[in-house]
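Only one structure is covered here, and it is reproduced in the block below.
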């Protein structure tokens, strides 16, 4: 008797799922997210320093890097459709436009691969150690010697597609998972252009590929809630330069009669992940 009753309940739920399966159609959504932004500046330079009657040319190689939180918001819209008799499997395509903001704190310097100033008699001072100490003295600013905060804005846009699967399809609501990929681009806008080297150039644009996955629910047919994570896969190079740098040629070095010439410097940005919550309106 109990087994028959249980079987009847299961059959009833499956029938209801078939009758009240989630409908296809257009939709609009908004994502509110939080993630990380990673800054990495690679420096390849030569430091020239007078020592007694000698002039020493010392390799200066290293990285300035940081990883900080970034707030994100994305607007998207598209169309979804479902397949099969149960209509539990579906796909959706969409276009999206997003924005993120971050200010770089917790700056780290690593110039351990640089040379050293040789004062003779076995006494040397690693130039990497000098650069790292200057960074710490100035509040860990990326703009060494200024104490100014480095900030960046990112705009991302493109198209994407997801596979959908609903575990539950009941009267006017459903619950399931999704996963897919988006192809698009990023535009990064940052401050500090006044500090760029004499032969420096910005690059605001970079292609991006993003993998995303999460859980989703639809309530009263029209209202949806989603929780997910996005993984942008590509770095974006936003700056490249060489030549004279006002930041590298600070007052301390100039007063010593020294100078720094950049062979090459590159700056890249990346968002490793974005965790988000979304509201979706289904037409």
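Numbering (my numbering), first residue to last: 189 to 471. C-beta: ideal position from N, C-alpha, C; glycine also.
Residue i versus residue j: straight-line alpha-carbon distance, rounded
| i | j | result |
| --- | --- | --- |
| residue 451 | residue 279 | 50 Å |
| residue 393 | residue 241 | 48 Å |
| residue 206 | residue 402 | Summary for residue 206: the model assigns pLDDT 45, below 50, so the residue's position carries little reliability; its value from the coordinates is reported in the next sentence. Rounded to whole angstroms, residue 206 to residue 402 spans 24 Å at the Cα level. |
| residue 368 | residue 374 | 19 Å |
| residue 470 | residue 270 | 14 Å |
| residue 372 | residue 379 | 24 Å |
| residue 218 | residue 376 | 21 Å |
| residue 443 | residue 390 | 30 Å |
| residue 463 | residue 282 | 19 Å |
| residue 201 | residue 347 | Here residue 201 scores only 42 on pLDDT, less than 50, and its place in the model is too uncertain to base an answer on. |
| residue 295 | residue 430 | 22 Å |
| residue 465 | residue 416 | 7 Å |
| residue 317 | residue 299 | 7 Å |
| residue 248 | residue 355 | 58 Å |
| residue 251 | residue 358 | 55 Å |
| residue 239 | residue 314 | 14 Å |
| residue 398 | residue 418 | 6 Å |
| residue 320 | residue 381 | 22 Å |
| residue 336 | residue 293 | 10 Å |
| residue 409 | residue 260 | 27 Å |
| residue 301 | residue 412 | 53 Å |
| residue 345 | residue 351 | 20 Å |
| residue 220 | residue 275 | 29 Å |
| residue 404 | residue 363 | 6 Å |
| residue 437 | residue 264 | 46 Å |
| residue 396 | residue 215 | 24 Å |
| residue 237 | residue 258 | 40 Å |
| residue 246 | residue 254 | 26 Å |
| residue 461 | residue 353 | 23 Å |
| residue 427 | residue 360 | 51 Å |
Span of the beta strand (DSSP E) around residue i
| i | result |
| --- | --- |
| residue 455 | 447 to 458 |
| residue 310 | No beta strand (DSSP E) contains residue 310, which DSSP labels as neither H nor E. |
| residue 304 | 304 to 306 |
| residue 462 | 462 to 470 |
| residue 427 | 424 to 432 |
| residue 296 | 296 to 298 |
Paired residues, beta bridge with residue i - DSSP
| i | result |
| --- | --- |
| residue 285 | 263, 345 |
| residue 291 | 339 |
| residue 211 | None; residue 211 has no bridge partner. |
| residue 417 | 401, 463 |
| residue 153 | Because the chain in this structure spans residues 189 to 471, residue 153 falls outside the shown range and cannot be described. |
| residue 230 | 251, 454 |
| residue 224 | 257 |
| residue 351 | 279, 367 |
| residue 235 | 246, 448 |
Heavy atom of the ligand PLP within 7 Å of residue i beta-carbon
| i | result |
| --- | --- |
| residue 312 | For the structure depicted, the ligand PLP is absent and the ligand set is empty, with no information on it obtainable. |
- Message: As an exercise, report each continuous beta strand (DSSP E) stretch of at least 3 residues that is fully enclosed by the region 354 to 411, in chain order.
- Response: 361 to 378, 387 to 390, 393 to 407
- Complete runs of the beta strand (DSSP E) confined to the region 237 to 269 [at least 3 residues]: none
- Message: For the region 336 to 346 against the region 287 to 305, do three or more pairs of beta-carbon atoms, one drawn from each stretch, fall closer than 8 Å, so that the two count as touching?
- Response: yes
- Does the pairing of the region 419 to 428 with the region 301 to 312 give three or more beta-carbon distances under 8 Å? no
- Message: Any contact between the region 454 to 466 and the region 223 to 235? By contact I mean 3 or more CB pairs, one from each, below 8 Å.
- Response: yes
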